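Numbering (the numbering used here), first residue to last: 68 to 175.
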């Protein structure tokens, strides 16, 4: 993947995550700046999603763990667990929000 392709894809993904969180129906505060999106849940816990340009990865830090995602075959995949980004985001956000959330990418 070329550098500019990574940046376009990563930025679009972070924006899609922010939009999905804002539409989820739970009062989760989103703060974005530069290459970072910080989510603050009603109980005060945080989740941070950020770009890692040298590695062409997205990193997600939850209350419970950290994950490093690489873009493979049209999906962001955790290089340690094999989890897909949106599935992990939904699971982690549900745990941190103490309610079931389904975060999904926008329809194309």
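C-beta atoms are modelled at their ideal positions from N, C-alpha and C, and glycine is treated no differently.
Quick caveat, the model's predicted, so the values are computed rather than measured.
With distances taken from CA atoms, which of the options is nearest residue i?
i           : options            : result
residue 128 : 121, 144, 151, 104 : 104
residue 160 : 101, 173, 108      : 108
residue 181 : 68, 122, 80        : What is shown of the chain runs 68 to 175, which leaves residue 181 out entirely.
residue 119 : 131, 73, 140       : 73
residue 156 : 110, 139, 133, 140 : 133
residue 173 : 158, 91, 144       : 91
Would you mind sorting residue i into buried or exposed? The rule is 16 or more other CB atoms within 10 Å of its CB.
i           : result
residue 171 : exposed
residue 106 : buried
residue 164 : buried
residue 122 : exposed
residue 77  : buried
residue 114 : buried
residue 168 : buried
First and last residue of the alpha helix (DSSP H) that includes residue i?
i           : result
residue 103 : It is not in any alpha helix (DSSP H) - residue 103 instead sits in the beta strand (DSSP E) that spans 103-107.
residue 163 : 152-164
Who are the Cβ neighbours of residue i in its own chain at under 7 Å, not counting the five residues just before and after it?
i           : result
residue 85  : 97, 99, 104
residue 65  : What the structure shows of the chain is the stretch from 68 to 175, and residue 65 is not part of that stretch, so it cannot be assessed.
residue 166 : 93
residue 153 : 170, 171, 172
Only counting the same chain, and skipping five residues up and downstream in sequence, which positions put a Cβ closer than 8 Å to that of residue i?
i          : result
residue 88 : 95, 97, 106, 160, 170
Hey, could you find the ends of the beta strand (DSSP E) residue i is sitting in?
i           : result
residue 137 : 133-139
residue 125 : 124-128
residue 142 : 142-145
Here's a check: name, in chain order, each residue in its chain whose Cβ is nearer than 6 Å to the Cβ of residue i, leaving out the five neighbours to either side.
i           : result
residue 146 : 135, 137
residue 117 : 102, 103, 126
residue 142 : 151
If you scan the region 72-119 from start to end, which runs of the beta strand (DSSP E) of 3 or more residues do you find wholly inside it? With a minimum length of 3 residues, the continuous beta strand (DSSP E) runs that stay inside the region 72-119 are 96-100, 103-107, 113-119.
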